[in-house]
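Before any comments, here is the structure.
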Amino acid sequence: MRVLSTKKLLQNQRELLLNAEFSFLDYDALRVTYLDVEIPETTTNCIITSQNGARAFLAQMPIGAAKTSYYCVGKKTAGLISENGLNVAHIAQNGAELAHFIIKNHQNEAFSYFCGNNRRDELPSLLKEAHIQCNEIIVYETHEQIQAFNQSFDGVLFFSPLGVSAFAKANPIPTAFCIGETTAKEARKHTNKVVVSNATTIESTIAKAVKYLKTNSLK
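Using numbering that gives the first Met the number 0, read the sequence shown as starting at 0 and increasing by one per residue.
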């Protein structure tokens, strides 16, 4: 079995594929640039929906950051925040789920949303419809790195909708293994073979791909 990862993998992640006797290629379908922005010194509630957003925020964290409550999407994002001694108030699986939680529990509060230039619309749109103040601060930019591959793969690992878009512009998609439903939604525009990970982590996406491809190769 041969798979392609649209994100460079760490050694422990590569070993999950190697131990399963898979061959693989990995590359970064997206290039991330962190921006130097002015972050307000006092913010009561912060929304961070990606690891890139967390890293960009932490790189220029304001003095009053420890007094803030953080609302995150994904355990990895929340982990980066909590590892730096900051208070994670809630973790959601995706932006829409987080928006509904805020609408239900924090109707009269204001939020600062630290995001990228290609952030999804669901969360800010839902908060706007509910008349919840949400100040967007773009702290990083993502740029597609379009690359054509002259070989075939049994599956491709995707970790963001933009990563799907970047790959699909130069390649057909075989079976798409997606980190979450938002990424899967984009993948379904390009293939009807879409498998969604059980959890929104790279490791879970790899495990799902290994199990699926091994099971289906026996049929």
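The beta carbon of each residue, even a glycine, is placed where N, CA and C say it ideally should be. Just so we're clear, the structure is a prediction, and the values are computed from it rather than from any experiment.
Check	Outcome
Determine which residues share a DSSP beta bridge with G196 and list them.	The sequence as given places Ser at residue 196; Gly does not occur at that position. Answer is none; S196 lacks a bridge partner.
Using three-state DSSP, classify R30 as helix, strand or coil.	strand
Taking Cβ positions, are Y70 and I46 nearer each other than 9 Å?	yes
Can you give me the C-alpha to C-alpha distance between D27 and A65, rounded to a whole angstrom?	33 Å
Going by the beta-carbon positions, is the gap between T5 and F166 smaller than 9 Å?	yes
Using the Cα positions of F113 and E140, report the straight-line distance between them to the nearest angstrom.	12 Å
What would DSSP say about S4, mapped onto helix, strand or coil?	strand
With E20 as the anchor, note down where its beta strand (DSSP E) starts and where it stops.	Neither: E20 is in no beta strand (DSSP E) and is coded neither H nor E.
Which same chain residues end up closer than 6 Å to K192 when comparing Cβ atoms and leaving out the 5 residues on each side of it in sequence?	T174
One question on the structure: do A169 and Q150 come within less than 9 Å of each other, judged by their Cβ atoms?	no
Starting from V155, follow the beta strand (DSSP E) in both directions and report where the run begins and ends.	154-157
Report all residues from its chain with a CB closer than 7 Å to the CB of Q50; omit the five preceding and five following residues, and keep chain order.	K75, T76, L79
G78 by DSSP, collapsed to three states: which one?	helix
By the DSSP assignment, the beta strand (DSSP E) with F176 in it spans what residues?	174-177
Which class does T141 belong to by DSSP, given the choice of helix, strand or coil?	strand
Alpha carbon to alpha carbon, how far is G52 from P123? Give it in angstroms, no decimals.	15 Å
So what's H99 in DSSP terms, helix, strand or just coil?	helix
Per DSSP, what are the beta-bridge partners of L24 in this structure?	L3
What residues are listed by DSSP as bridge partners for A91?	V72
Inspect the CB distances between the stretch 124-139 and the stretch 94-111 and report whether three or more fall short of 8 Å.	yes
Thinking just about the alpha-carbon of each residue, which of R187, G154, D153, E20 is nearest to the one in S164?	R187
When DSSP builds the beta bridges, which residues end up paired with I46?	Y70, Y112
For L97, which option in D153, S81, E121 has the closest C-alpha, if you only look at C-alpha atoms?	E121
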